[in-house]
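Per my numbering, the sequence shown starts with residue 478, numbered consecutively.
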Amino acid sequence: MINTLLRKFYYTKSRYSLNIRSASLLLIITAFSVSVQNANADKTIKFLPLGDSITHAEVNRASYRYFLWKKLIDAGVEFDFVGSMNSQLDTYSKGETPQPDYKGQAFDKDHEGHFAWEVNHIWGGRNPNNNTGSGSLGEWMQSYDFDIALVHLGTNDAFMGQDNNQTANELKAIVEKLREDNPNVVTLLAKVIPTAKGKREAAAVEQLAGLIPAVVDEINTDESPVILVDMFEGFDVNELTYDGVHPNEKGEMEMAERWFKAIMDALPLVQ
């Protein structure tokens, strides 16, 4: 009888000890997971929206940046948009910009979108004096820091008939220029949205979009990740643009959603 009781005691003690060890291990794993998720919880993530008119937007449009800003606020991300620009183009349209305050905050208007600029203009500089900005990426970066660059460029190059392979090489040069300022920059490189500007232009933009995944594969590194953001597939130009080129409000919201998903995946990569 005593031996039976002793065996039961040691068996119960062993199970209790095993459960304690299992619980401790679970707590350690959970704590590690939370720490990874919150690795940048106390860091203000600086986003550089870099592009052409699709990033810049006309004055009577909210821009994809506005809807992305709202999503990041809702997600509790501590962030800041940066860029040399803080206005939208009023050359072709007039009116109020529909960017109301959200949850007690005013929209962060900073960006690096330049209406009608080609990739080589962003790289080499331009001084058009027509409300699209001036200077070059190398000059602009001296006035701000950034962690994640949102790059949507190449549409105007395709419109102008430039060889898309050259544009692809220029996009690589843009990423390298970004790395000169921040060797650990995370670049979200977009397959540009499609266009209905014309058959030739549509074909050229589609071809360029098809080259972007190879660009990403070639220049991606562990130290400075480059992540593909597919803005092309499933983007209905008839439903999501107001002129066959630039996104309407629904298109801006669609772009914001695609950027947002990529950003949430990219946040743990920020150093």
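Every residue, glycine too, gets a C-beta built ideally from N, C-alpha and C.
All of these numbers come straight from a predicted model, not from anything done at the bench.
Query - Cβ separation of tyrosine 751 and phenylalanine 584, assumed to be a contact under 8 Å, to the nearest whole Å - result: No answer is possible for residue 751: the residues shown for the chain start at 478 and end at 748.
query = Which residue or residues does DSSP assign as beta-bridge partners of asparagine 562?
reply = Within the sequence shown, residue 562 is the residue found at index 85, counting from 1. Residue identity differs from the one stated: residue 562 is methionine in this sequence, not asparagine. In the DSSP output, where bridge partners are listed per residue, methionine 562 has His588.
**Study point:** Selection from Lys674, Ala626, Glu589, Ile625 that minimises the alpha carbon distance to asparagine 633
**Key:** Looking up residue 633 in the sequence shown gives position 156. Minimum Cα distance to asparagine 633 is reached at Lys674.
- Item | Limits of the unbroken beta strand (DSSP E) element including phenylalanine 524 | For this step, residue 524 is matched to residue 47 along the sequence shown. It spans 522-528 - the beta strand (DSSP E) in which phenylalanine 524 sits, taken as one unbroken run.
| message | Given a cut-off of 7 Å on the beta-carbon distance, is the pair proline 690 and valine 682 in contact? | response | Within the sequence shown, residue 690 is the residue found at index 213, counting from 1. Within the sequence shown, residue 682 is the residue found at index 205, counting from 1. The answer is no: Cβ separation not under 7 Å.
Original post:
Going by the beta-carbon positions, is the gap between histidine 723 and alanine 667 smaller than 7 Å?
Top reply: Here residue 723 refers to the residue found at position 246 when the sequence shown is read from its first residue. Here residue 667 refers to the residue found at position 190 when the sequence shown is read from its first residue. Contact: no.
query: Looking at C-beta atoms only, is the number of pairs between the stretch 533-550 and the stretch 637-644 that lie closer than 8 Å three or more?
result: no
* To do: Ignoring anything shorter than 3 residues or poking outside the stretch 569-648, list the beta strand (DSSP E) runs there in chain order.
  => 625-629
Practice prompt. Leaving out five residues on either side along the sequence, give the residues of the same chain with a beta carbon under 7 Å from the beta carbon of glutamine 582.
Written response: What you label residue 582 is simply residue 105 of the sequence shown in a count that begins at 1. Ile550, listed in sequence order.
Practice task
Report buried or exposed for aspartate 529, applying the criterion of at least 16 other Cβ atoms within 10 angstroms of its Cβ.
Solution key: Along the sequence shown, read from residue 1 onward, the residue named residue 529 stands at position 52. Label assigned to aspartate 529: buried.
Legend entry - Cβ shell of leucine 746 (< 6 Å), same chain only, five flanking positions each side left out: As a first step, residue 746 is located in the sequence shown; it is residue number 269 there, counting from the start. Cβ within range, chain order: Val663, Pro702.
What is the DSSP secondary structure of aspartate 557, reduced to helix, strand or coil?
Counting from 1 along the sequence shown, the entry for residue 557 is found at position 80. Three-state DSSP puts aspartate 557 in a strand.
Exercise. Alpha carbon to alpha carbon, how far is asparagine 646 from lysine 548? Give it in angstroms, no decimals.
Key: Counting from 1 along the sequence shown, the entry for residue 548 is found at position 71. Counting from 1 along the sequence shown, the entry for residue 646 is found at position 169. Each residue's alpha carbon lies about 32 Å from the other.
Query - According to DSSP, residues forming a beta bridge with isoleucine 704 - result: Taking the sequence shown and counting its residues from 1, the one referred to as residue 704 is at position 227. Leu665, per the DSSP bridge assignment.
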